[in-house]
Amino acid sequence: MKKIALIVFSVFLVIGCKKDTNTNPVAIESASITHLSDLKGTEFFASPDNTLTGKNAIYCASLPYAWTRIGETIGGEITVSDSFPQLQRLNKHSFFVKNVFTNTDYNTRTDIDKLTGAIEVSASFSKQLPFEYPMDNYNGDFVFNGTKVEAFCIRGGEYEFRADILEYNSDSDFIVRLNPKDPKHEILIWMPSKRPQTLEAAIQHVVYTLNKPSTVEEIEKEVLKTKFNELDLLVIPKIDFDIDYDYPELINNTFTTQSGKKPHTVAQVYQHTKFRLDEKGAEVQSEAAIAVDSIVAAKPKRMFVNKPFLLLLRSDTMNPYLAVWVENTELFVKK
1 MKKIALIVFS
11 VFLVIGCKKD
21 TNTNPVAIES
31 ASITHLSDLK
41 GTEFFASPDN
51 TLTGKNAIYC
61 ASLPYAWTRI
71 GETIGGEITV
81 SDSFPQLQRL
91 NKHSFFVKNV
101 FTNTDYNTRT
111 DIDKLTGAIE
121 VSASFSKQLP
131 FEYPMDNYNG
141 DFVFNGTKVE
151 AFCIRGGEYE
161 FRADILEYNS
171 DSDFIVRLNP
181 KDPKHEILIW
191 MPSKRPQTLE
201 AAIQHVVYTL
211 NKPSTVEEIE
221 KEVLKTKFNE
231 LDLLVIPKID
241 FDIDYDYPEL
251 INNTFTTQSG
261 KKPHTVAQVY
271 QHTKFRLDEK
281 GAEVQSEAAI
291 AVDSIVAAKP
301 KRMFVNKPFL
311 LLLRSDTMNP
321 YLAVWVENTE
331 LFVKK
């Protein structure tokens with residue numbers, strides 16, 4: 001029985017705003033590395049179809065991406081029995097990660113031990129997503145689940161290009177997009193009225209909302225509702241985490257391929273995910289009440305992201321390379 005070591009170093013996303021033309025990565029201090037077992041309110045998802053349980057949930061596409069490299073290395077379609085549901089989910093999810101990374105943002109390495117046949121695959125991804133100009137630090141009290149945390153903010157206006165309102169139902173139910181300097185990437189935030197059942201359902205809601213077909217009349221109404229006016233305010237908590245996890249639920253799981261009769265065993269899995277979001281960037285509803293000819297000013301939007309929300313990072317693809325469901329303050333910068 002061959003041993004498989006699946007090692008993933010992911011994601012190193014740094015926030016920083018650079019005014020010069022230097023494109024080399026800039027090291028930015030972050031929270032010290034923490035093992036997931038030390039966090040009681042946070043979990044890692046190998047695939048996004050897991051149930052949201054009232055904890056923070058972190059998913060990064062580098063793990064399923066590394067898994068696809070295992071299949072390419074061994075050759076043949078991978079089959080996982082029902083005895084290993086988590087590995088089965090990871091295997092079925094491999095299609096989800098196609099084209100989520102650009103060639104310049106990720107690196108992979110495959111090592112095969114000629115004596116034992118052991119295979120080691122590593123996949124790493126890093127991306128800096130600074131804003132063109134920093135947003136503002138929020139100096140007021142920002143409370144999330146009863147805890148004061150650091151936050152940053154931005155106001156709307158005719159020349160504001162760093163953020164867009166994509167859907168607005170109320171001050172407690174909306175989707176916004178933060179636009180980093182790199183036009184091929186976007187940071188999406190959805191604060192829903194209630195928690196979705198799975199992370200995948202949350203992702204699908206955002207993707208569908210941004211791509212759903214609409215009539216001309218519906219588009220006109222939506223444009224009026226989502227206009228980011230000068231009196232509108234968006235406040236977002238600062239996120240900073242550096243977490244690793246070794247997925248004990250996947251260790252000693254076995255699988256087979258079409259190219260070989262003997263089963264393979266997962267011997268090691270390691271994932272390291274680092275992320276920061278602040279004012280500098282990321283190191284990754286009454287339609288009838290708003291009319292075109294209304295002389296009554298629309299009520300200013302006060303969009304405080306102060307309850308559970310979804311954070312997505314994606315490039316020019318439908319699916320994200322990082323998805324974080326935020327339920328508590330373990331991942332925030334505390335005051």
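Position 35 (the sequence shown) corresponds to 35 in full-length UniProt numbering; numbering is contiguous. Yeah, the Cβ is synthetic: ideal placement off N, Cα and C, and Gly gets one too.
Assigned secondary structure, residue i (DSSP; H/G/I helix, E/B strand, else coil)
i, result
"A118", "coil"
"K335", "coil"
"T79", "strand"
"N91", "helix"
"P134", "coil"
"R162", "coil"
"I74", "helix"
"A66", "helix"
"S37", "helix"
"E330", "helix"
"F125", "strand"
"D111", "strand"
"S32", "coil"
"Y321", "coil"
"N139", "coil"
Proximity test, residue i beta-carbon vs the ligand GTP heavy atom, cut-off 7 angstroms
i, result
"F241", "Ligands displayed in this structure: none; no statement on the ligand GTP is therefore possible."
Buried or exposed by the 16-neighbour rule on C-beta atoms within 10 Å, applied to residue i
i, result
"K334", "exposed"
"P183", "exposed"
"T68", "buried"
"P25", "Confidence is the limiting factor: at P25 the pLDDT is only 33, short of 50, which leaves the residue's position unreliable and the question unanswerable from this model."
"residue 360", "The displayed coordinates of the chain run from 1 to 335. Any statement about residue 360 would go beyond what the structure contains."
"Y208", "exposed"
"V223", "exposed"
"F309", "buried"
"K232", "Reading the sequence as shown, one finds Asp at residue 232 and not Lys. Buried is the call here."
"D278", "buried"
"Q128", "buried"
"V54", "Here residue 54 is Gly; the residue named in the question, Val, does not match the sequence. Per the 10 Å Cβ criterion, exposed."
"F161", "exposed"
"K212", "exposed"
"N159", "Sequence inspection shows Tyr at residue 159; the Asn mentioned does not correspond to that position. Exposed."
"S37", "exposed"
"R314", "buried"
"G76", "exposed"
"F281", "At residue 281 the sequence reads Gly, which differs from the Phe that was named. Its Cβ being crowded by 16 or more others within 10 Å, G281 is buried."
"S122", "buried"
"Y321", "buried"
"G146", "exposed"
"P48", "buried"
"I112", "exposed"
"N91", "buried"
"P237", "buried"
"E230", "exposed"
"L115", "exposed"
Residues sharing a beta bridge with residue i, DSSP
i, result
"Q86", "Bridge partners of Q86: none, in fact."
"V97", "The partner list for V97 (beta bridge, DSSP) is empty, contrary to what the question assumes."
"F45", "Y59"
"L52", "L52 pairs with nothing; no bridge assigned."
"E150", "BP columns for E150 are empty, so no partner."
"F144", "T147"
Closer than 8 angstroms to chain C by CB, residue i
i, result
"I58", "Absent from the structure is chain C; it holds one protein chain and no more."
Take every Cβ of the stretch 38–53, pair it with every Cβ of the stretch 323–334, and state whether three or more of those distances are shorter than 8 angstroms.
Contact annotation: the stretch 38–53 touches the stretch 323–334, with at least three C-beta pairs closer than 8 angstroms.
Residue ranges of each beta strand (DSSP E) within the UniProt domain "Serpin" (172–319), 3 or longer:
173–178, 186–191, 233–237, 239–245, 254–257, 260–278, 302–304, 309–314
contact_flag[the stretch 267–283, the stretch 41–61] where n(CB pairs < 8 angstroms) is 3 or more
Taking a contact to require three or more Cβ pairs closer than 8 angstroms, the stretch 267–283 and the stretch 41–61 qualify as touching.
Tell me, please, whether the stretch 299–307 touches the stretch 141–156 by the rule of three or more beta-carbon pairs shorter than 8 angstroms.
yes
Report yes or no: do three or more beta-carbon pairs, one from the stretch 228–245 and one from the stretch 194–202, lie closer than 8 angstroms?
No: fewer than three Cβ pairs fall under 8 angstroms.
At a cut of 8 angstroms, does the stretch 74–90 reach the stretch 245–257 through at least three beta carbon pairs?
They touch, by the three-pair rule.
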